[in-house]
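Peer 1: Right, I'll just put the structure down here and ask away after.
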Amino acid sequence: MAAQLGERSDASAAQNLEPPSGNTQDAASSLDDGVGDKTQPGTVSMWGKIKQHFLRRWWIYLIAIVVLLVILLPVLFKVIIPAIIKNIVDGQELPVKGGFLNFTDPTRLRIGLDTSLDTPLPVKLDPVSLSLLQPPVDGADDIGTPFLTLQMPEQHINHETDVVIPSQVVDVLDHAHLVAWFNEFFDKEGADLRLKGDDLSVYLGALDYRADLDKTIKVPGLDYLKGFGVSDMQFTIPPGPSGHNMKGHLNIPNAGVLTLGLGNVTFNVMAGDINLGLVYIYNLDLKPGNNTPPFEGDFYFDQLVPNLATFLETQRGALANGMVEFNATGNSTFHNGQRIRYVESVLNRKHIPFTIPATTLLLDVLSGVLASGTDGPGLPLLDTVGDVMGNKTLFEQMLDHFDPQSIGSGAQGMGNGVEVTDTTQLKRRAMAQTAGRSMQVNLLRLGLRTLRSKF
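When we follow UniProt numbering, the leftmost residue of the sequence shown carries the number 1, and every step to the right adds one.
In C-alpha cells:
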C-alpha cells in the first residue's frame, strides 16, 4: 500500500517537471513584451542625464563661475587688454607722408606733420605731447633730451586713418641735437627720428587705458641735394644796377616729403679751396621734387685769374669731360632779418657738387661782355692779365678769318630776311666791342697756355 502511494507521488512530480505547453510560452512572451513596452519610454538620454545633473547641482557651478570671473576679469582688463593695446601702439609705423619745417627764428621753428595710424578696433586718443629726439647710436647712451616737442590733438582712429599734426611754432630745446639730426636728414635718403609720448590715453568705448609711445621712425631725407645744378645763367659785365654780375635759376631737388622754409640763403661758389663767387637765393622754399628758384650773385673774376693754375688743377677730371666743376657751400641764412645759426651750422659744412659745360660757361661770360657794349668803365681784370694782352686778341683773329657772307646766308636761312653785305661795317661793329670781349678771350688764352704747360 505504501509502495503504491510512493509511485503515485513520483508520477505527479514527473508531470510537474514536464516543459510547459506552447500556450504557456506565448503568454509568457506576451507578458515580457508588455513589460518591455512599459519600461522603454522611461529611458533617459545622455543629455537628459547631464541636464538633470546640472539641475541638481547648479549652485556648485554658479559658485565656480563666480570664482573664475573674480579671478579672470581683473587679469583680462588689467593685464591682457593693456598688453594688446601696448602691442598695437608699439606696432604703429607712423610713416611721415608730408609736412613742413620753416626755420623762422633763431630759437624757434614752425612745424607740421602728416602721418597715419592703424588699429583693428575704433579707438580714441587724447591730446598728447610728442617729443622728437635723435636716436642713440649703437652702443651709445640713450639721448634723453628732446630737441623739439609737438602737440598732437585728439584723434579718432578706425583701421588705417590719416593723422595731421597741425602747424605750430615750437621752441628749439637742444640746438646741438637738432643740428646733429638735421645734418643726417640733409645727407641721407632717410633719417631716423625717435618719437616719445608718455601716458598716451587710449579709449576703447568707455574703457580708458594708458600706454607709452617710444618709436623710431624713418623720415625721407634730402639725399645731399643730389641733382643740384644751374638751370640757366647770365652774366652782366660790368655789374648792372643791382650790383651783381650774374643771375639765373638753380635746380635744387628735394628727395624728401617735407617742405623746408629756409628763408634767404647765400652759398659760396667754390672750386677746390678757391672762393669764386657768392650766390643769393631769397625766400627759399624747398618743396618735394625739383625746385628752380631764381638767384643773383657775384662771380669773382679777379680771384680766378691769379689762381688760374690752381683752378685748372682742380678741373683735371672735369675738363676731360668738357665740364667745369664747382661746389656750393653755405654762407649765411636769414629769416626776417634774423640769422638762423642752427641752419648755418649744417649748410656751411656741406660741399654740394655741380657742373657746368665749359663751352656754356664761356659763352655765358662772353654774352655778358658783348651785351654790355663799350659804354661801361674798363675792367680792372685787364690789368691782371699782363703779358697775355696783345694788339690783336685771339677773338679778333677769329674775326679776321670770319666769312661775313656766311652770316648773311645763315640769317636768311633763319628766316629773318637780313643780308649782311657790308663787311667793313661788320668789322667796325665787332672791333667797337673789343675792349669788353678782350677780357674774357685773353682769360681763355691764359687758361689754354697754363693748361698746355701742364699737360
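Heads up, the beta-carbon is just placed ideally off N, CA and C, and yes, glycines get one too.
Would you give the residue range spanned by the alpha helix (DSSP H) that Thr310 belongs to?
Peer 2: Here residue 310 refers to the residue found at position 310 when the sequence shown is read from its first residue. Run containing Thr310: 308-314, per the alpha helix (DSSP H) assignment.
Peer 1: Count the other C-beta atoms from every protein chain shown that fall within 10 angstroms of the C-beta of Pro166, then say buried if there are 16 or more, exposed otherwise.
Peer 2: By one-based count along the sequence shown, residue 166 stands at place 166. So Pro166 counts as exposed.
Peer 1: Does any residue of chain C have a CB that is nearer than 8 Å to the CB of Trp47?
Peer 2: The structure shown contains no chain C; it is built from a single protein chain.
Peer 1: Determine the direct distance from the alpha carbon of Ala309 to that of Phe100, and round the result to whole angstroms.
Peer 2: For the purposes of this step, residue 100 is identified with residue 100 of the sequence shown, where counting begins at 1. For the purposes of this step, residue 309 is identified with residue 309 of the sequence shown, where counting begins at 1. The alpha-carbon atoms of Phe100 and Ala309 are separated by roughly 45 Å.
Peer 1: Could you tell me how far apart the beta carbons of Ile340 and Gly263 are, in whole angstroms, since I believe they sit closer than 8 Å?
Peer 2: As a working mapping, residue 340 is identified with position 340 in the sequence shown. As a working mapping, residue 263 is identified with position 263 in the sequence shown. That belief holds up - the Cβ atoms of Ile340 and Gly263 are roughly 7 Å apart, short of 8 Å.
Peer 1: What are the start and end residues of the beta strand (DSSP E) that includes His156?
Peer 2: As a first step, residue 156 must be located in the sequence shown, where it is residue number 156. Start and end: 155-171.
Peer 1: What residue range does the beta strand (DSSP E) around Asp327 cover?
Peer 2: Looking up residue 327 in the sequence shown gives position 327. Note on residue identity: the sequence assigns Asn, not Asp, to residue 327. It spans 323-335 - the beta strand (DSSP E) in which Asn327 sits, taken as one unbroken run.
Peer 1: Is the region 246-260 in contact with the region 310-326, if contact means three or more CB pairs nearer than 8 Å?
Peer 2: At 8 Å Cβ cutoff, the stretches do not touch.
Peer 1: What is the DSSP secondary structure of Thr359, counted as helix, strand or coil?
Peer 2: Along the sequence shown, one-based indexing puts residue 359 at 359. In this structure, Thr359 counts as helix in the three-state DSSP scheme.
Peer 1: Give the straight-line distance between the Cα atoms of Pro106 and Gly289, rounded to the nearest whole angstrom.
Peer 2: As a first step, residue 106 is located in the sequence shown; it is residue number 106 there, counting from the start. As a first step, residue 289 is located in the sequence shown; it is residue number 289 there, counting from the start. Roughly 27 Å between the two C-alpha positions.
Peer 1: In terms of residue numbering, what span does the beta strand (DSSP E) encompassing Asn275 cover?
Peer 2: Indexing the sequence shown from 1 puts residue 275 at position 275. Segment 274-286, the beta strand (DSSP E) holding Asn275.
Peer 1: Note down, one range per segment and in chain order, each alpha helix (DSSP H) of at least 4 residues found wholly within the region 37-124.
Peer 2: You should have 46-75, 81-90.
Peer 1: Look up Val230 in the DSSP assignment and give the residues it is bridged to.
Peer 2: Residue mapping note: residue 230 aligns to position 230 of the sequence shown, counting from 1. Per DSSP, Leu250.
Peer 1: Just to confirm, are Gln151 and Pro127 a CB contact at a threshold of 8 Å?
Peer 2: Stepping through the sequence shown from its first residue, residue 151 is reached at position 151. Stepping through the sequence shown from its first residue, residue 127 is reached at position 127. Going by C-beta atoms, Gln151 is nearer than 8 Å to Pro127.
Peer 1: Quick one: what's got a C-beta closer than 7 Å to Ala83's C-beta in the same chain, skipping five residues either side?
Peer 2: Position 83 of the sequence shown, counted from the start, is the residue given in the question as residue 83. Excluding sequence neighbours, Ala83 sits near nothing in its chain.
Peer 1: Buried or exposed: where does Glu154 fall if 16 or more other Cβ atoms within 10 Å of its Cβ makes it buried?
Peer 2: Taking the sequence shown and counting its residues from 1, the one referred to as residue 154 is at position 154. Under this definition Glu154 is an exposed residue.
Peer 1: Bridge partners for Gly263 per DSSP, in chain order?
Peer 2: Within the sequence shown, the letter at position 263 stands for residue 263. Leu284.
Peer 1: Quick one: Cα of Gly330 to Cα of Leu363, how far?
Peer 2: One-based indexing of the sequence shown puts residue 330 at position 330. One-based indexing of the sequence shown puts residue 363 at position 363. C-alpha separation (whole angstroms): 27 Å.
Peer 1: In whole angstroms, what separates the C-alpha of Ala64 from that of Gly48?
Peer 2: One-based indexing of the sequence shown puts residue 64 at position 64. One-based indexing of the sequence shown puts residue 48 at position 48. For Ala64 and Gly48, the distance between alpha carbons rounds to 22 Å.
Peer 1: Can you tell me whether Ala271 is buried or exposed? The criterion is at least 16 other CB atoms within 10 Å of its CB, across all chains shown.
Peer 2: If you number the sequence shown from 1, residue 271 lands on position 271. Ala271 should be labelled buried.
Peer 1: Terminal residues of the continuous beta strand (DSSP E) containing Val219?
Peer 2: Counting from 1 along the sequence shown, the entry for residue 219 is found at position 219. Its beta strand (DSSP E) spans residues 207-220.
Peer 1: Nearest-angstrom Cα distance between Pro380 and Phe301?
Peer 2: By 1-based counting over the sequence shown, the position of residue 380 is 380. By 1-based counting over the sequence shown, the position of residue 301 is 301. Annotation note: pLDDT 40 at Pro380 (below 50); position unreliable, coordinate value reported separately. Roughly 10 Å between the two C-alpha positions.
Peer 1: May I have the straight-line CA-CA distance separating Asp174 from Gly229, to the nearest angstrom?
Peer 2: Indexing the sequence shown from 1 puts residue 174 at position 174. Indexing the sequence shown from 1 puts residue 229 at position 229. Cα-Cα distance, rounded: 33 Å.
Peer 1: How about Phe295 and Asn245: are their beta carbons less than 8 Å apart?
Peer 2: By 1-based counting over the sequence shown, the position of residue 295 is 295. By 1-based counting over the sequence shown, the position of residue 245 is 245. Not in contact: Phe295 and Asn245 (Cβ atoms no closer than 8 Å).
Peer 1: If you draw a straight line from the C-alpha of Leu193 to the C-alpha of Leu366, how long is it?
Peer 2: On the sequence shown, position 193 is the one that residue 193 refers to. On the sequence shown, position 366 is the one that residue 366 refers to. Spanning the two alpha carbons is a distance of roughly 49 Å.
Peer 1: Give the straight-line distance between the Cα atoms of Asp114 and His159, rounded to the nearest whole angstrom.
Peer 2: Here residue 114 refers to the residue found at position 114 when the sequence shown is read from its first residue. Here residue 159 refers to the residue found at position 159 when the sequence shown is read from its first residue. Each residue's Cα considered, the two are about 17 Å apart.
Peer 1: If you reduce the DSSP assignment to three classes, tell me which class Gln134 lands in.
Peer 2: Walking along the sequence shown from the start, residue 134 turns up at place 134. Three-state DSSP puts Gln134 in coil, outside helix and strand.
Peer 1: Between Lys97, Thr359, Asp118, Leu72, which lies nearest to Ile88 when the distance is taken from Cα to Cα?
Peer 2: One-based indexing of the sequence shown puts residue 88 at position 88. Ile88 has its Cα closest to that of Asp118, out of Lys97, Thr359, Asp118, Leu72.
Peer 1: Nearest CA to the CA of Gln168: which residue from Phe103, Trp58, Asp162, Phe186?
Peer 2: Here the question's residue 168 lines up with position 168 in the sequence shown. Minimum Cα distance to Gln168 is reached at Phe103.
Peer 1: Give me whichever residues DSSP pairs with Arg194 in a beta bridge.
Peer 2: Position 194 of the sequence shown, counted from the start, is the residue given in the question as residue 194. Bridge partners of Arg194: Leu133, Thr216.
Peer 1: Please state whether the Cβ-Cβ distance between Leu148 and Val164 is less than 8 Å.
Peer 2: To locate residue 148, count along the sequence shown from 1; it is residue 148. To locate residue 164, count along the sequence shown from 1; it is residue 164. No, these two residues do not count as a Cβ contact at 8 Å.
Peer 1: Distance check for Val257 and Gln92, CA to CA, integer angstroms please.
Peer 2: Along the sequence shown, one-based indexing puts residue 92 at 92. Along the sequence shown, one-based indexing puts residue 257 at 257. In a straight line, the C-alpha of Gln92 is about 19 Å away from that of Val257.
Peer 1: Skipping 5 residues on each side, what residues in its chain have a beta carbon closer than 7 Å to that of Lys86?
Peer 2: Indexing the sequence shown from 1 puts residue 86 at position 86. Counting only Cβ-Cβ distances below 7 Å, and skipping sequence neighbours, we find Ala211.
Peer 1: Check this for me: beta carbons of Val172 and Ser345, under 8 Å apart or not?
Peer 2: As a first step, residue 172 is located in the sequence shown; it is residue number 172 there, counting from the start. As a first step, residue 345 is located in the sequence shown; it is residue number 345 there, counting from the start. Their beta carbons are not under 8 Å apart, which means Val172 does not touch Ser345 by this criterion.
Peer 1: Given this structure, state the Cα-to-Cα distance separating Leu125 from Asp199, to the nearest angstrom.
Peer 2: Indexing the sequence shown from 1 puts residue 125 at position 125. Indexing the sequence shown from 1 puts residue 199 at position 199. Looking at the two C-alpha atoms, the distance is approximately 11 Å.
Peer 1: By Cβ distance, which residues of its chain are closer than 6 Å to Gly261, with the 5 residues on each side in sequence left out?
Peer 2: The residue given as residue 261 occupies position 261 in the sequence shown. Closer than 6 Å at the Cβ level, and outside the excluded window around Gly261, lie Asn102, Asp285.
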